[in-house]
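Take a look at the structure set out below.
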Amino acid sequence: MSLHLEVFEDDEWADRVAQRWIAYMQEHPTARLCLPTGETPRPLYARCAPVLDLSAAVVFVLDEYDLPPESPARCVAMLRRDFLGALAHPPAEIHALDIDAPNPEAECRRFEALVDDGGLSLTLLGLGSNGHLGLNEPGTTPDAPTRVVRLDTATTLAAARYDPDAKPTRGMTLGLRPILDSREIWLLVTGSHKAATLERAVNGPIGPDLPATYLRQHPNATVFADRSAAAAL
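Remember, our numbering sits 85 above the position in the sequence shown when you count from 1.
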């Protein structure tokens, strides 16, 4: 098994991936989707929000930072702001990890049980600069469950792009095990700053040092990269 790679021109990337997603939802209107937040999917969400019909779909939010409820860097807040709140046809159900739950371990088990009850049809992922998937940081094994995690310094710094006061050191994330159990996975990668990491994900040794390498063991995983991100391939 290996990653299927599709490369688009930088200025066409969002439109081309949007076309794929719209077509996917037309074929799978009741899909169970896992969605990420961050800069990479933002233009894709902007293209899709006016036309994508998720009215029969179920959405799971990939992860969450341990930040105050009012922080704009919270993942649920970002996804609602960038996508869910703008959808002409919003999802039938939205599920997210409750970072404020009094029993975090029980909350992670609850969320994973919801995911496992039907599985995930399609998971969209970004590629962290350190190769993380969700908040599954370097050192994560492919059997990792949904859990509370300590964040890599690079991940903490990335959160500050959305809130200058945000300095999360912990978070909750869907584990690699349920991610890799998804029937289909799309890895979204844009920008020259991701080129070296993408090259390692595609060509480097498979292992916990770069969690994204595990996608090469999945039977139906595709990388959608722009030309800048694919420059080292």
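Beta carbons are placed, not taken as given, at the ideal position from N, Cα and C, and that holds for glycine.
Under 8 Å between the Cβ atoms of residue i and residue j?
i	j	result
D148	L182	yes
A173	A142	no
R159	L169	no
T298	G260	no
R312	E91	no
R301	L88	yes
I107	V144	no
With DSSP collapsed to three states, give me the class of residue i.
i	result
F168	coil
H217	coil
D148	strand
E94	coil
R262	helix
E155	coil
H303	coil
Residue i to residue j, Cα distance in whole Å?
i	j	result
R165	E124	14 Å
V233	L218	14 Å
H278	S214	8 Å
A315	L220	23 Å
D237	A244	11 Å
Cα-Cα, which of the options is closest to residue i?
i	options	result
L120	V161, D95, P114, Q111	V161
P223	T122, I291, T275, R246	I291
T225	A280, L295, A134	L295
Using a Cβ distance threshold of 8 Å, determine whether the segment 276-289 contacts the segment 237-254, with at least three qualifying pairs required. The segment 276-289 makes no contact with the segment 237-254: fewer than 3 CB pairs, one atom from each, lie closer than 8 Å.
Three or more C-beta pairs below 8 Å linking the segment 179-195 and the segment 88-103: No, the segment 179-195 does not touch the segment 88-103.
Does the segment 206-221 touch the segment 263-274, meaning 3 or more C-beta pairs lie closer than 8 Å? Segments in contact, yes.
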